[in-house]
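The structure appears below as structure tokens.
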Amino acid sequence: MFARIYQPSRNAMQSGRARTKAWVLEFEPAQAKRPDPLMGWAGSGDTRRQVHLSFDTRDEAVAYAKRYGIPFQIREARETTRRIKSYASNFAADRKEPWSH
Numbered sequence: 095m096f097a098r099i100y101q102p103s104r105n106a107m108q109s110g111r112a113r114t115k116a117w118v119l120e121f122e123p124a125q126a127k128r129p130d131p132l133m134g135w136a137g138s139g140d141t142r143r144q145v146h147l148s149f150d151t152r153d154e155a156v157a158y159a160k161r162y163g164i165p166f167q168i169r170e171a172r173e174t175t176r177r178i179k180s181y182a183s184n185f186a187a188d189r190k191e192p193w194s195h
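Residue 95 is where the sequence shown starts when you use the working numbering, and the numbers rise one by one after that.
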């Protein structure tokens, strides 16, 4: 029973940082998924795959794993750099790339 602790990244459909502040502890899958013979859906008998625990800080997640004797690995989140631009820079005459419209 091995767990990983990480801070989730934002998904491709959001521009903000909502739901990326919490730390998540989730277990590595113990079995590979296999297709169901009747419906063809992928599934397994591993119920730990469904457990996702959220913590406010990384230290709380580490303390939880140590308290219950769960071996874990921490994945640090990469910091993203934000390039702040004004809307008017989309229409500047000295743009580096051509305007597509």
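C-beta: ideal position from N, C-alpha, C; glycine also.
For the beta strand (DSSP E) that contains R98, what are its first and last residues?
Run containing R98: 97-100, per the beta strand (DSSP E) assignment.
So what's S138 in DSSP terms, helix, strand or just coil?
Reduced to three states, the DSSP call for S138 is coil.
For G110, collect the residues of the same chain with a Cβ closer than 8 Å to its Cβ; drop the 5 residues on either side in sequence, then sort them by chain order.
The residues are R104.
Cβ of D140 within 8 Å of Cβ of A124?
Contact: yes.
Which word fits A157, buried or exposed, when buried means at least 16 other C-beta atoms lie within 10 angstroms of its C-beta?
It is exposed - the Cβ of A157 has fewer than 16 other Cβ atoms within 10 Å.
Check whether the region 128-137 touches the region 174-191, counting contact only when three or more Cβ pairs, one atom from each stretch, lie closer than 8 Å.
Taking 8 Å as the limit for Cβ pairs, the verdict is that the region 174-191 does not touch the region 128-137.
Pick from Y162, L147, A126: whose alpha carbon is nearest that of Q101?
For the residues Y162, L147, A126, the minimum Cα distance to Q101 belongs to L147.
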